[in-house]
Amino acid sequence: MSIDIETARRVAKLARIKVEEDALPALAQEFNTILGFIEQLNEVDIEGVEPMTSVTPMRLKRRKDEVTDGDMPDKVLSNAPDAREGFFAVPKVVE
Amino acid sequence: MMADLNALTIAEARDKLRAKEISATELTEACLAAIDGAGALNAFVHHTPEIAMGQAKAADARLIAGDAPAMCGIPLGIKDLFCTKGVPSQAASAILNGFKPAYESTVSQKLFDAGAIMLGKLNMDEFAMGSSNETSTYGDVVNPWRRGNDSADLTPGGSSGGSASAVAADLCLAATGTDTGGSIRQPAAFVGITGLKPTYGRCSRWGIVAFASSLDQAGPMTKSVRDAAIMMEAMAGHDPKDSTSADLEVPNFEAMLTGDIRGKTIGIPREYRMDGMPDEIEALWATGREMLQDAGAKIVDISLPHSKYALPAYYVIAPAEASSNLARYDGVRYGHRAKLAQGDGITEMYEKTRAEGFGAEVQRRVMIGTYVLSAGFYDAYYNRARRVRALIKRDFDAVFAEGVDAILTPATPSAAFGLGEMADADPVQMYLNDVFTVTVNLAGLPGIAVPAGLDAQGLPLGLQLIGRPWAEGDLLNTAYALEDALGFVSKPAKWW
C-alpha cells in the first residue's frame, strides 16, 4: 500500500489537522515508512483468531444510570478559550 | 540539617521520619533546593513549592500523631500527564497551554491521601508519545548521566524522561510515571533506576491524560525495588471512576519481599536475542540469568513466537486509540485556540488549532491512527493488529501455563543515546527503543526494569522481568533478589 499526496491530504482533513500544501509530500513519505513497517503484520496467520477487545478477561463494572454530579458550569467553563453567558463560544456553525 | 536528605530512598526516609530523626519539612526543603539547582536537567517544568510545604506540614502533623502510612512525608515528582487540581497539567503539549484541571487524578489523590508530597510536575514526551523526551513543548530533558568525560547531553529516555532524570539526580525520592509501550521501563533503564509497570487495571487511569486507553498504566519510578513495592501499594486499587480498574485487593507488596526465589521458574525468551544488540547487553542478560539461577531459580528457555510482530501491532493500535482520544483537543473546552482569519468557520478553527497545538510526532500518530481506522482500512490494519495482539497474549499465556513464573529480558536494546542523535532517523528507528517492553503492554502484564550495570562508556543498562497478571508481589520479589545479586549502586557524577 503506497500513500500518495492526495491520500495524505485526505487523512489530514479527516484528522482535522491543517497541513500546508508544500508539507504533503514529506508527510506521505513518512506515512509510507510507518505503513511499510506495519505491513509485516500480513505475514501472521490470524485465521480463526478473534480481535482482542479486552486484555484482561473481565466484565466491566456497571453502576446505576443516575446523575452523580453536575451544577458546576463555572468549573466546566473555567478552562475554555472563549466562554460567554454560561456557554462555550465557537465560530458561527449554521449559516 | 543532615546532608543529602534528598538522596534517601522512600524506605530510608520513612524509617527516619517515623523515628523523628528528620521531619517531612526538612526532607521537602532538601528536595526543593536540589530542584532549584538542577534547572539544566529540565526535569521539573511546573514547580509547586507552596503546595509541597503545606503538604509537608500536614505530613509532620500526621507523623507526630502516629498516623503515618509508608508514603507519609515522602516528596515526589508527578508526571505532567497526571491532572493535578489547580496546577498546570498539559501532557507536555502546547495544545493544553494554560490548562488547570478542576479535579485531581485518582492515583495522585491516593498518594496525597497517604501523605505523599508533590514537589512539582515533571517533563515528558508530548502526550507520552516518544522514547527520548525530545517531543515535549517544554524542551528536552537531560539525562544526569554522561559518557565518561564527554559533556554531550544524553536522553533520559521517554516518555517519562522527566521522572527518570529527577529520580536519578536525587531531586525527589521517587516519581510517578506512565507506560503505554515502555515509557516507565525504558527511561528507568537509561538512568539506572527501578521502574514498574503494573498489570493493566491495577491503577486507575481516571484523571491521567489518555494516550492509548487499552495500554496505558501508571506506575512508580524509584531508587530501589523496595521503594517500588511501597509506592505501588499506595497507587493501586479499584476506582469506580475507571471501569477498567480491577476490583481486586491490593496486597502489601513490601511484605512479599523475602528475597527467596528458590523453586521459581524463570523463562528466557529466545526471540529477544536481537541482531546487532550490543555484546554488553547480551552479557548482562547472561549475568542476570546466572544470578537468578544461583539464587535457586530454575532457568528455562522459552519461545514467544509472535514477539517480532509486537511493535508493528502497537503502531496500529496505539495511534488508532490516540486519534480517538486526542479528538477532544479542538480548541473549544480547554487549552489553545488558534487565531482565526476573517471568514474562518468551525472546521478551520479545529484544523488550525490542532496544527498549532500538536507537535510533529503527535500529528504523525494521530494521522496514522486516523488512516488505519478509516473506511476500507479498518479490517486490514486495525482488526488485523488486534488479532495479532491476541496471539501475542496467547504466547505469554502458554508459557505461564507451563509453569513459568517470570521472564527475564534486557530492558532496552541500547544504552542512552545523545539528544539530537536520532533527529535524522526515520520514525521507525526511534520506535525500536521499545522492542523489549511493548509486548508487555499488549499482553497487559506487569513488567519491571531494574538497573543492572554500566556499559564501557559508564552508562547504566537495565534488565526487565515480566510477571504473570496480578502477580506484582511475586514479580517484585524476584526483582528484589536480582537487585540484591546485581548490587548496582552507581550514581551519576553531579555536573549540573
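Chains A and B are the protein sequences, given in the same order.
Throughout the first sequence, residue numbering follows numbering that gives the first Met the number 0, covering 0 to 94 in sequence.
Throughout the second sequence, residue numbering follows numbering that gives the first Met the number 0, covering 0 to 495 in sequence.
No residue lacks a Cβ here, since even glycine has one placed at the ideal position from N, Cα and C.
Chain A residues whose Cβ lies nearer than 7 angstroms to that of residue i
{"i": "S242 (chain B)", "result": "L59 and K60"}
{"i": "P468 (chain B)", "result": "T55"}
{"i": "G443 (chain B)", "result": "V54 and T55"}
{"i": "Y333 (chain B)", "result": "N78 and A79"}
C-beta contact flag for residue i and residue j at 8 angstroms
{"i": "T436 (chain B)", "j": "R145 (chain B)", "result": "no"}
{"i": "L460 (chain B)", "j": "G452 (chain B)", "result": "yes"}
{"i": "I447 (chain B)", "j": "T193 (chain B)", "result": "yes"}
{"i": "V44 (chain B)", "j": "G161 (chain B)", "result": "yes"}
{"i": "L474 (chain B)", "j": "A405 (chain B)", "result": "yes"}
{"i": "N142 (chain B)", "j": "A415 (chain B)", "result": "yes"}
{"i": "L62 (chain B)", "j": "L16 (chain B)", "result": "yes"}
{"i": "D394 (chain B)", "j": "H305 (chain B)", "result": "yes"}
{"i": "N96 (chain B)", "j": "N41 (chain B)", "result": "no"}
{"i": "R363 (chain B)", "j": "E29 (chain A)", "result": "yes"}
{"i": "S413 (chain B)", "j": "P277 (chain B)", "result": "yes"}
{"i": "Y308 (chain B)", "j": "V365 (chain B)", "result": "no"}
Per DSSP, cross-strand counterpart(s) of residue i
{"i": "Q216 (chain B)", "result": "B:D178"}
{"i": "L523 (chain B)", "result": "Outside the shown range of chain B, which is 0 to 495, sits residue 523 (chain B), and nothing can be said about it."}
{"i": "K490 (chain B)", "result": "Paired residue(s): none; K490 (chain B) is not in a bridge."}
{"i": "R83 (chain A)", "result": "A:F86"}
{"i": "L153 (chain B)", "result": "B:G417"}
{"i": "M117 (chain B)", "result": "B:L75"}
{"i": "G194 (chain B)", "result": "B:M220 and B:A448"}
{"i": "F43 (chain B)", "result": "B:L121"}
Residue i: contacting residues in chain B (beta-carbon distance under 8 angstroms)
{"i": "I16 (chain A)", "result": "E350, R353, A354, F357, Q362, V365 and M366"}
{"i": "L96 (chain A)", "result": "Because chain A in this structure spans residues 0 to 94, residue 96 (chain A) falls outside the shown range and cannot be described."}
{"i": "A27 (chain A)", "result": "Ordered by position in chain B, no residue passes the 8 angstroms Cβ test against A27 (chain A), which lies about 11 angstroms from the chain."}
{"i": "D81 (chain A)", "result": "R336"}
Spatially closest choice to residue i from the options, by CA coordinates
{"i": "R15 (chain A)", "options": "B:I447, B:Q341 and B:S322", "result": "B:S322"}
{"i": "P87 (chain B)", "options": "B:R353, B:F98, B:A113 and B:G356", "result": "B:F98"}
{"i": "L325 (chain B)", "options": "B:G236, B:M429 and B:A211", "result": "B:A211"}
{"i": "A484 (chain B)", "options": "B:V224, B:Y333 and B:T369", "result": "B:V224"}
{"i": "I116 (chain B)", "options": "B:D215, B:R13 and B:S213", "result": "B:R13"}
{"i": "I316 (chain B)", "options": "B:G206, B:W469, B:T438 and B:L291", "result": "B:T438"}
{"i": "G76 (chain B)", "options": "B:L95, B:A93 and B:V106", "result": "B:V106"}
{"i": "I367 (chain B)", "options": "A:G69, A:I45 and A:I33", "result": "A:I33"}
{"i": "S540 (chain B)", "options": "A:M51, A:D70 and A:N31", "result": "Any property of residue 540 (chain B) remains undetermined from this structure, which presents chain B solely from 0 to 495."}
{"i": "P239 (chain B)", "options": "B:D79, B:I9 and B:S104", "result": "B:S104"}
{"i": "L153 (chain B)", "options": "B:R363, B:G457, B:K297 and B:D396", "result": "B:G457"}
{"i": "L462 (chain B)", "options": "B:I280, B:V398 and B:I391", "result": "B:I280"}
{"i": "T55 (chain A)", "options": "B:A245, B:I50, B:A10 and B:A32", "result": "B:A245"}
{"i": "N251 (chain B)", "options": "B:A397, B:V331, B:S159 and B:M231", "result": "B:M231"}
{"i": "R62 (chain A)", "options": "B:F487, B:Y380 and B:S242", "result": "B:S242"}
{"i": "D139 (chain B)", "options": "B:P197, B:L418 and B:C202", "result": "B:L418"}
{"i": "H237 (chain B)", "options": "B:C202, B:A209, B:A227 and B:V331", "result": "B:C202"}
{"i": "G180 (chain B)", "options": "B:I260, B:D329 and B:G218", "result": "B:G218"}
{"i": "A379 (chain B)", "options": "A:M57, A:A7 and A:I45", "result": "A:I45"}
{"i": "G472 (chain B)", "options": "B:D300, B:A354 and B:M255", "result": "B:M255"}
{"i": "W532 (chain B)", "options": "B:E28, B:H46 and B:N148", "result": "Residue 532 (chain B) falls outside the range modelled here, since chain B spans only 0 to 495, and no answer is possible."}
{"i": "G85 (chain A)", "options": "A:R9, A:M71 and A:L40", "result": "A:M71"}
Nearest-angstrom Cβ-Cβ length linking residue i and residue j, presumed shorter than 8 angstroms
{"i": "M549 (chain B)", "j": "G176 (chain B)", "result": "Given a span of 0 to 495 for chain B in the structure shown, any question on residue 549 (chain B) remains unanswerable."}
{"i": "K109 (chain B)", "j": "A233 (chain B)", "result": "6 angstroms"}
{"i": "P268 (chain B)", "j": "T408 (chain B)", "result": "6 angstroms"}
{"i": "A389 (chain B)", "j": "V43 (chain A)", "result": "With 8 angstroms as the limit, A389 (chain B) and V43 (chain A) do not qualify as a contact, their Cβ atoms being about 11 angstroms apart."}
{"i": "F36 (chain A)", "j": "P311 (chain B)", "result": "6 angstroms"}
{"i": "C71 (chain B)", "j": "G114 (chain B)", "result": "3 angstroms"}
{"i": "F126 (chain B)", "j": "S92 (chain B)", "result": "6 angstroms"}
{"i": "G258 (chain B)", "j": "Y479 (chain B)", "result": "6 angstroms"}
{"i": "K17 (chain A)", "j": "E350 (chain B)", "result": "4 angstroms"}
{"i": "K196 (chain B)", "j": "P445 (chain B)", "result": "6 angstroms"}
Cross-chain neighbours of residue i in chain B, by beta carbon under 7 angstroms
{"i": "F86 (chain A)", "result": "Residues of chain B passing the Cβ test: none, with the nearest at roughly 11 angstroms."}
{"i": "I37 (chain A)", "result": "P311, Y314, V315 and Y380"}
{"i": "S77 (chain A)", "result": "A101"}
{"i": "I33 (chain A)", "result": "Y314, I367, P426 and V427"}
{"i": "K74 (chain A)", "result": "A101"}
Chain-ordered chain A contacts of residue i [CB-CB under 8 angstroms]
{"i": "L497 (chain B)", "result": "Outside the displayed span of chain B (0 to 495) sits residue 497 (chain B), for which this structure offers no information."}
{"i": "T369 (chain B)", "result": "V10, L13 and A14"}
{"i": "F98 (chain B)", "result": "N78"}
{"i": "D246 (chain B)", "result": "K60"}
{"i": "P239 (chain B)", "result": "K60 and R62"}
{"i": "G194 (chain B)", "result": "Result: empty, since nearest Cβ-Cβ is about 20 angstroms, beyond 8 angstroms."}
Residue i: contacting residues in chain A (beta-carbon distance under 9 angstroms)
{"i": "I345 (chain B)", "result": "V89, P90, K91 and V92"}
{"i": "S373 (chain B)", "result": "R9, V10 and L13"}
{"i": "D139 (chain B)", "result": "Ordered by position in chain A, no residue passes the 9 angstroms Cβ test against D139 (chain B), which lies about 21 angstroms from the chain."}
{"i": "H305 (chain B)", "result": "V43"}
Check: residue i C-beta below 7 angstroms from any heavy atom of the ligand NAD
{"i": "Y199 (chain B)", "result": "As presented, the structure is devoid of all ligands, the ligand NAD included, so that no description of it is given."}
Chain-ordered chain E contacts of residue i [CB-CB under 7 angstroms]
{"i": "Y271 (chain B)", "result": "As a matter of chain content, chain E is missing from the structure shown, whose protein chains are A and B."}
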